[in-house]
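S.K.: Per mature numbering (1 follows the signal peptide of the UniProt record, and there is no 0): the sequence shown = residues -18 to -1, 1 to 232.
Backbone N, C-alpha and C define an ideal beta-carbon position, used for all residues, glycine too.
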Amino acid sequence: MLKSIVFILATLAAAIVAAPTIGLFERGDTDLIKRQQRIATQYWANDKADLDWVSGPAGAYSVNWTNPSGGNFVVGKGYFGQGMLFNYTGTFSTTGNAYLGLYGWTTDPLVEYYVIENFGDKHNPTDNSNHTCYGTFNTDGGTYEVWMKWRVNAPSIIGTATFPQFWSVRTKRHVGGTINTTAHFAAWARAGLKLGKHRDGMVIGIEGQTGQGAAAITAGVRPTTTVKETTTLVHHSERPRATNTCTRKL
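1) Let me know if S138 comes out buried or exposed under the rule of 16 or more other beta-carbons within 10 Å of its beta-carbon.
2) Report the option in Q64, T212, G60, A80 whose CA atom is closest to the CA atom of T153.
3) Can you tell me the Cα-Cα spacing of K59 and Y70, whole angstroms?
4) Within the continuous alpha helix (DSSP H) that includes H166, where are the two ends?
5) Is DSSP giving G183 helix, strand or coil here?
6) Could you name each continuous beta strand (DSSP E) segment of 3 residues or more that falls completely within the region 90 to 131, going from the start of the chain to the end?
7) Sorted by chain position, which residues of the same chain lie with C-beta nearer than 8 Å to A31's C-beta, five sequence neighbours on each side aside?
8) With H, G and I counted as helix, E and B as strand and the rest as coil, what does DSSP make of I140?
9) In whole angstroms, give me the CA-to-CA distance for G10 and G117.
10) Buried or exposed for A40, please, with buried defined as at least 16 other CB atoms from any protein chain shown within 10 angstroms of its CB.
11) Identify whether P146 lies in helix, strand or coil by the three-state DSSP scheme.
12) T206: buried (16+ other C-beta within 10 angstroms of its C-beta) or exposed?
13) In this structure, what does DSSP give as the bridge partners for L82?
14) If you drop the 5 nearest sequence neighbours on each side, which residues of the same chain put their C-beta closer than 8 Å to that of F145?
15) Confirm, please, whether the CB-CB distance from Y85 to V57 is below 8 Å.
16) Between the Cα of K210 and those of G72, L33, I21, V36, spot the shortest distance and give me the residue it belongs to.
17) Let me know if N79 comes out buried or exposed under the rule of 16 or more other beta-carbons within 10 Å of its beta-carbon.
18) Judging by CA-CA distance, which residue of R155, G159, G187, F119 is the nearest neighbour of F167?
19) Who pairs with Q194 in a beta bridge, going by DSSP?
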């Protein structure tokens, strides 16, 4: 998992007053991305990671990786804000342990959160005995499972700490579309999972662990063609301690 996080403030048009971040992309206008003053960019990799990261204009980036055992990185681009309709498009493929998702942090309370859109055939990100499923909800043209996992004495944006991770995991994987962040935050709240104050923006990111892969993503732009869906793997090699909990409708 992520050991640390770096968000870089990129000023695209310093003379322009920053636009509101609530509902930035409701009109699906690809030029909206060009009118935003601030872009959040994340790059982190541990000393075993082997990747080639290219930051393109505005919300675009690409990454290719061949990670040995123990390699790990998180890269992505996004925006500063809270509730928004977050558009993105691109490609993502992996033969190892990696996933694509919206990612961010809050403080007071400290929470690391993910909206998982896709992942490799060898790894479900909820495959951990510490995960608990709280139920499912529908948004963005699909169904998501809501999960939570505790991280104990782990690195965070405020240093070593104990904190929960909140997860929305799409039951039919895809690459590209609109993520209604307000709908996800509301579903977590209905599950009793409380977020705090949003920090450092949110990105549509790639986390790559052991294995190979490639991705080219643009934040702020909707797909122009039909997006293919693939049923999410349900097998867990590590069974969650709490079972049969994903049946609740949130």
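M.R.: Looking at the coordinates:
1) Residue mapping note: residue 138 aligns to position 156 of the sequence shown, counting from 1. S138 is buried by the Cβ-count criterion.
2) Position 171 of the sequence shown, counted from the start, is the residue given in the question as residue 153. Measuring from the Cα of T153, the nearest candidate turns out to be T212.
3) Taking the sequence shown and counting its residues from 1, the one referred to as residue 59 is at position 77. Taking the sequence shown and counting its residues from 1, the one referred to as residue 70 is at position 88. Taking the straight line from one Cα to the other gives about 10 Å.
4) Within the sequence shown, the letter at position 184 stands for residue 166. Run containing H166: 163 to 172, per the alpha helix (DSSP H) assignment.
5) Along the sequence shown, read from residue 1 onward, the residue named residue 183 stands at position 201. If DSSP states are grouped into helix, strand and coil, G183 belongs with the strands.
6) 93 to 101, 114 to 121
7) For the purposes of this step, residue 31 is identified with residue 49 of the sequence shown, where counting begins at 1. If we look at A31 and ignore the five residues flanking it on each side, its Cβ neighbours are W47, N49, G53, N54, F55, G190.
8) As a working note, residue 140 is residue 158 in the sequence shown. Coil.
9) Start at 1 with the first residue of the sequence shown, and residue 10 comes out as number 28. Start at 1 with the first residue of the sequence shown, and residue 117 comes out as number 135. Below a pLDDT of 50, predicted positions are generally treated as unreliable, and G10, at 33, falls in that range; the measurement from the model is reported next regardless. One C-alpha to the other measures close to 30 Å.
10) Taking the sequence shown and counting its residues from 1, one reaches residue 40 at position 58. Buried, since its Cβ has 16 or more Cβ neighbours within 10 Å.
11) Counting from one through the sequence shown, the residue named residue 146 turns up at place 164. In the structure shown, P146 sits in a strand (DSSP, three-state: E or B).
12) In the sequence shown, counting from the first residue as 1, residue 206 sits at position 224. T206 is exposed by the Cβ-count criterion.
13) The residue given as residue 82 occupies position 100 in the sequence shown. Answer is N100, I188, bridged to L82.
14) Taking the sequence shown and counting its residues from 1, the one referred to as residue 145 is at position 163. Answer for F145: P91, L92, V93, E94, W132, R133, A136, S138, listed in chain order.
15) Residue 57 sits at position 75 when you count from the first residue of the sequence shown. Residue 85 sits at position 103 when you count from the first residue of the sequence shown. Cβ atoms of V57 and Y85: not closer than 8 Å.
16) Here residue 210 refers to the residue found at position 228 when the sequence shown is read from its first residue. Looking at the Cα atoms, G72 is the closest of the given residues.
17) As a working mapping, residue 79 is identified with position 97 in the sequence shown. Flag for N79 reads buried.
18) Here residue 167 corresponds to residue number 185 of the sequence shown, with the count starting at 1. When only C-alpha atoms are compared, the closest one is F119.
19) Your numbering for residue 194 matches position 212 in the sequence shown. Answer is T48, bridged to Q194.
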